[in-house]
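Asks: Just dropping this structure here.
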Amino acid sequence: MSQEKVFPEPTVLISSEKIDRRIDELAAQLDRDYADTDGLVCVGVLKGSVFFLVDLLQRVTVPVEIDFFQTSSYGGTTSPGEVRIRKDIEVSIRGRDVLLVEDIVDTGYTLRTILDLLRFRGARSVRLCALLDKAATREVVVPIDYCGFQIDNVFVVGYGLDYDERYRNLTYIGVLEG
Ligand code: IMP
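In the numbering used here, the protein residues as written are 524 to 701.
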């Protein structure tokens with residue numbers, strides 16, 4: 524017998540209006556901080572960061588280049604926190620100012636891996652901009668230079684974040700109960 528998956532209605536944690544206002548603030552801060560540079564290489568992590576990255580970068584006025592990583596975590600018998608790069612960036616970052624844009628920092632393993640890689644490749648500077656910081660579940664240290672919102676240890680969906688590939692296109696951040 525086939526088992527129907529259940530996708531309950533999330534409860535609103537952060538409204539679209541609140542997200543919108545915070546992104547305005549973050550974009551203004553980026554414009555100030557990178558005003559004297561020759562522009563930024565913005566690197567998103569697929570797929571969750573896409574909505575945030577687009578809305579953020581439409582509001583900054585410093586020149587930007589955009590590229591994407593895609594990662595997955597090893598499961599099964601491999602060690603926890605081992606992150607695999609499934610899609611690499613194509614742009615050269617040697618000597619460039621890089622801004623890594625991510626939806627959420629949870630354990631921190633994904634971003635720790637990517638930050639190390641970007642630095643190893645000779646970026647002039649690497650900073651992290653994350654929409655959500657779930658600090659209670661952090662397992663490795665990942666400094667967040669630009670943070671949208673701190674959240675508790677809850678499973679969130681929407682605005683790029685998914686549960687089983689659903690909910691990414693919600694305009695708000697919601698919590699899935701249970
Ligand atoms: P980390 O390596 O544990 O920090 O995991 C980061 C990734 O896990 C994020 O890019 C998300 O794809 C996923 N993730 C972590 N927490 C949540 C959540 O509450 N909802 C949806 N995805 C999450």
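All residues carry an ideal CB built from backbone N, CA and C; glycine is no exception.
#1: Return the first residue and the last residue of the beta strand (DSSP E) that tyrosine 669 is part of.
#2: Terminal residues of the continuous alpha helix (DSSP H) containing glutamate 540?
#3: What runs of the beta strand (DSSP E), each 3 residues or longer, lie entirely inside the segment 556-594?
#4: Starting from the C-beta of threonine 636, find all residues in its chain whose C-beta is less than 6 Å away, skip the five residues before and the five after it, and write them out in chain order.
#5: Use the C-beta contact count for glycine 645: other C-beta atoms within 10 angstroms, 16 or more gives buried, fewer gives exposed.
#6: Per DSSP, aspartate 656 is paired with what?
#7: Say yes only if the C-beta of phenylalanine 575 is nearer than 8 Å to one or more non-hydrogen atoms of the ligand IMP, and no if none qualify.
#8: Just how far apart, CA to CA, sit tyrosine 682 and lysine 570?
#9: Assuming the contact rule is C-beta atoms closer than 8 Å, cysteine 515 and leucine 563 should be a hit. Round their C-beta distance to whole Å, please.
#10: Between aspartate 668 and arginine 691, which are expected to be in contact by the criterion C-beta below 8 Å, what is the C-beta distance as a whole number of angstroms?
#11: Going along the chain, which residues of its own chain have a beta-carbon closer than 6 Å to the beta-carbon of leucine 553, five neighbours each way excluded?
#12: Measure the CB-CB distance between valine 624 and valine 568 and report whether it falls below 9 Å.
#13: Check whether the Cβ atoms of valine 535 and isoleucine 696 sit closer than 9 Å, and answer yes or no.
Replies: According to the data block:
#1: Here the beta strand (DSSP E) through tyrosine 669 covers 669-673.
#2: 539-556
#3: Within the segment 556-594, the complete beta strand (DSSP E) runs of at least 3 residues are 563-569.
#4: Val606
#5: exposed
#6: Val628 and Gln673
#7: no
#8: 11 Å
#9: The displayed coordinates of the chain run from 524 to 701. Any statement about residue 515 would go beyond what the structure contains.
#10: Contact flag wrong, Cβ pair sits at about 25 Å.
#11: For leucine 553, where only same-chain residues beyond five positions count, the Cβ hits under 6 Å are Val583.
#12: yes
#13: yes
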